[in-house]
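Position one of the sequence shown corresponds to residue 1 (UniProt numbering), numbered consecutively onward.
Just so it is clear, CB atoms sit at the ideal spot from N, CA and C, and this is done for glycine as well.
Remarks on the structure that follows.
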Amino acid sequence: MSIVAIDLNGVKKSYNDKIVVNGLSLAVATGECFGLLGPNGAGKSTIARMVLGMVRPDAGKITVLGETVPARARLARVRVGVVPQFDNLELEFTVRENLLVFGRYFSMSAREVESVVPSLLEFARLESKANARVAELSGGMKRRLTLARALINDPHLLIMDEPTTGLDPHGRHLIWERLRVLLARGKTILLTTHFMEEAERLCDRLCVLEKGRKIAEGKPHTLIDEQIGCDVIEIYGGNPQELSALIKPYARRVEVSGETLFCYAPDPEEVRVRLRGHAGLRLLQRPPNLEDVFLRLTGREMEK
Ligand code: ADP
């Protein structure tokens, strides 16, 4: 098999004169977890739909698992598993029945599906829920069932749209742990997410999109080093504008976001010294993270 699982070359897509994907090129290697990040409307879902052959690009070339898409999307799709953003399980069916029904979509015989169901239930940690109606499951269990369902055809590539949106922290950690198991088994994952922590933990590489264009690409920690590269001091309290002017000469960059001041400080002690004597301030010094990168690239003030 090709070592490139997904290849996009100069891909463009517009809806009613609005450019949604603007000449995008990217390659996802077999066995890697690749993240698509970007604000709402950046084009992430459209890219995922084009990879699945559900949306036809206006220009450019897409290859998925060696097949040209959309022309040969059906051939690629038999080796792809999809975890959609919203669980679309059969609520009145049991956990086991959901898996059995889904297997039929892949033209698997009843016997074939039945032979893989136990290992899928085990993978999803749902052995004890095999005969429970889906409507009775927690959000985390439903997500794990959707993930198990996506694995029924033993796909090489998984496409996941915001896999942990709506889950509590426990449910989220469990999904992350399960995804790491899949990556250790050599699966390739294309992931869209709004959670920077998720991207930082799981993605080997990622790209940040804005208005259908790639504005950054790389390994999470390389991007953090390149874009931020020093500790961040978050400053709460006081007048952000005044404090900003005071510490600017001692910082690499200062940003005001709402009532918080973000100070990128190669020499944090120097900044702390300048702020001494200002009553009522609370300082949080921490290493930089992917959220800093994302907000720097796409603008902290954007949602205001
Ligand atoms: P994201 O997943 O990053 O939030 P999308 O790919 O869903 O972004 O959408 C990008 C833009 O394309 C949005 O402005 C959206 O309204 C538009 N769009 C997506 N699908 C369609 C469609 N079928 N018809 C018209 N506009 C669409």
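Next item on the list: Just confirm the distance between the C-beta atoms of Pro183 and Ile189, as a whole number of angstroms; I'd bet it's less than 8 angstroms.
Entry: Residue numbering aside, residue 183 sits at position 183 when the sequence shown is read from its first letter. Residue numbering aside, residue 189 sits at position 189 when the sequence shown is read from its first letter. Here residue 183 is Leu; the residue named in the question, Pro, does not match the sequence. Their Cβ separation, rounded to whole angstroms, is 7 angstroms, which keeps Leu183 and Ile189 in contact under 8 angstroms.
Check: Would you call the CB atoms of Arg252 and Pro266 closer than 8 angstroms?
Finding: Here the question's residue 252 lines up with position 252 in the sequence shown. Here the question's residue 266 lines up with position 266 in the sequence shown. Yes, Cβ-Cβ distance for Arg252 and Pro266 is below 8 angstroms.
Notebook entry, point to check: Under a criterion of Cβ closer than 5 angstroms to any non-hydrogen atom of ligand 1, which residues qualify, in chain order?
Noted result: Tyr15, Val20, Asn40, Gly41, Ala42, Gly43, Lys44, Ser45, Thr46
Next item on the list: Output the boundary residues of the alpha helix (DSSP H) element that contains Phe102.
Entry: The count along the sequence shown starts at 1 and reaches residue 102 at position 102. Here the alpha helix (DSSP H) through Phe102 covers 95-105.
Check: Is the distance from the Cβ of Leu275 to the Cβ of Glu234 below 8 angstroms?
Finding: Translated into the one-based positions of the sequence shown, residue 275 becomes position 275. Translated into the one-based positions of the sequence shown, residue 234 becomes position 234. The answer is no: Cβ separation not under 8 angstroms.
Margin query: List, from N- to C-terminal side, the alpha helix (DSSP H) runs of 4 residues or more that fit wholly inside the region 22-86.
Written below: 44-51, 73-77
Margin query: If I measure Cβ to Cβ from Thr193 and keep anything under 7 angstroms in the same chain, skipping five residues before and after, which residues do I get?
Written below: Here residue 193 refers to the residue found at position 193 when the sequence shown is read from its first residue. The residues are Gly35, Leu37, Glu162, Ala199.
Item checked: Helix, strand or coil at Thr260 according to DSSP, with G and I counted as helix -> By one-based count along the sequence shown, residue 260 stands at place 260. DSSP places Thr260 in strand when its eight states are reduced to three.
Margin query: When you compare the region 121-133 with the region 47-63, are there three or more beta-carbon pairs, one atom per stretch, that lie closer than 8 angstroms?
Written below: no
Checklist line | Own chain, CB closer than 7 angstroms to Gly166, minus 5 neighbours either side, in chain order | finding: Residue 166 sits at position 166 when you count from the first residue of the sequence shown. Same-chain partners within the cutoff: Gly139.
Item checked: Of the listed residues Val101, Glu112, Arg185, Arg111, nearest to Leu145 (C-alpha basis) -> The count along the sequence shown starts at 1 and reaches residue 145 at position 145. That would be Val101, whose Cα lies nearest to the Cα of Leu145.
Check: What number of angstroms, rounded off, separates the C-alpha of Leu206 from the C-alpha of Cys33?
Finding: Looking up residue 206 in the sequence shown gives position 206. Looking up residue 33 in the sequence shown gives position 33. The alpha-carbon atoms of Leu206 and Cys33 are separated by roughly 8 angstroms.
Item checked: Contacting residues, own chain, Cβ-Cβ under 7 angstroms from Glu201 (five flanking each side not counted) -> Within the sequence shown, numbered from 1, the residue matching residue 201 stands at position 201. The sequence given here has Arg at residue 201, not Glu. For Arg201, where only same-chain residues beyond five positions count, the Cβ hits under 7 angstroms are Trp176.
Next item on the list: Compute the Euclidean distance between the alpha carbons of Glu210 and Phe195, then round it to the nearest angstrom.
Entry: On the sequence shown, position 210 is the one that residue 210 refers to. On the sequence shown, position 195 is the one that residue 195 refers to. Looking at the two C-alpha atoms, the distance is approximately 16 angstroms.
Margin query: I'd like the list of long-range same chain contacts for Ala135, defined as Cβ closer than 8 angstroms, with 5 residues on each side in sequence excluded.
Written below: Taking the first residue of the sequence shown as position 1, residue 135 is located at position 135. Hits under 8 angstroms: Leu91, Glu92.
Check: In terms of alpha-carbon separation, which member of Glu217, Asp58, Lys142 lies closest to Asn16?
Finding: On the sequence shown, position 16 is the one that residue 16 refers to. Nearest of Glu217, Asp58, Lys142 to Asn16, Cα basis: Asp58.
Margin query: Distance check for Leu26 and Asn9, CA to CA, integer angstroms please.
Written below: For this step, residue 9 is matched to residue 9 along the sequence shown. For this step, residue 26 is matched to residue 26 along the sequence shown. Going by the C-alpha atoms only, they are around 7 angstroms apart.
Next item on the list: Below 8 angstroms on the Cβ atoms is my guess for Val232 versus Pro169; work out the distance and round it to an integer in Å.
Entry: Looking up residue 232 in the sequence shown gives position 232. Looking up residue 169 in the sequence shown gives position 169. In fact, because the Cβ distance is near 23 angstroms, the residues do not count as touching under 8 angstroms.
Check: Which residues share a DSSP beta bridge with Ser14?
Finding: Position 14 of the sequence shown, counted from the first residue, corresponds to residue 14. DSSP lists Ile19 as partners of Ser14.
Note to self: Can you tell me which residues form a DSSP beta bridge with Cys207?
What the structure shows: Taking the first residue of the sequence shown as position 1, residue 207 is located at position 207. Leu36, Glu217.
Check: Apart from the five residues on each side of it in sequence, which residues of its chain come closer than 6 angstroms, Cβ to Cβ, to Asp7?
Finding: As a first step, residue 7 must be located in the sequence shown, where it is residue number 7. Ala27, Thr63, listed in sequence order.
Next item on the list: Consult DSSP for Leu281 and reduce its assignment to one of helix, strand or coil.
Entry: Working through the sequence shown from its first residue, we reach residue 281 at position 281. DSSP places Leu281 in coil when its eight states are reduced to three.
Checklist line | Residue environment, Asn153, which counts as buried when at least 16 other CB atoms sit within 10 Å | finding: Here the question's residue 153 lines up with position 153 in the sequence shown. The residue in question, Asn153, is buried, as its Cβ has 16 or more Cβ neighbours within 10 Å.
Checklist line | Per-residue burial, Phe86 [other beta carbons within 10 Å of its own, 16 or more giving buried] | finding: For the purposes of this step, residue 86 is taken as the residue at position 86 of the sequence shown. Label assigned to Phe86: exposed.
Checklist line | CA nearest to the CA of Ala29, picked from Lys142, Gly103, Lys18, Cys203 | finding: The residue given as residue 29 occupies position 29 in the sequence shown. It is Cys203.
Item checked: Range covered by the beta strand (DSSP E) that runs through Leu190 -> In the sequence shown, the residue the question calls residue 190 occupies position 190. That run of the beta strand (DSSP E) goes 188-192.
Next item on the list: Can you check DSSP and say which residues form a bridge with Gly8?
Entry: Walking along the sequence shown from the start, residue 8 turns up at place 8. The amino acid occupying residue 8 in the given sequence is Leu; Gly does not appear at that position. For Leu8, which the question treats as bridged, DSSP gives the partners Leu26, Ile62.
Note to self: I need the DSSP call for Arg172, collapsed to helix, strand or coil.
What the structure shows: Within the sequence shown, the letter at position 172 stands for residue 172. Helix at Arg172.
Next item on the list: May I ask you to list the residues that DSSP assigns as paired with Tyr236?
Entry: For this step, residue 236 is matched to residue 236 along the sequence shown. Paired residue(s): Thr260, Arg282.
Item checked: 8 angstroms CB neighbourhood of Thr164 in its chain, flanking five on each side removed -> The count along the sequence shown starts at 1 and reaches residue 164 at position 164. For Thr164, where only same-chain residues beyond five positions count, the Cβ hits under 8 angstroms are Arg143, Gly171, Arg172, Ile175, Trp176, Thr193, Phe195, Glu198.
Item checked: Whole runs of the beta strand (DSSP E) within the region 126-175, excluding any shorter than 3 residues -> 157-161
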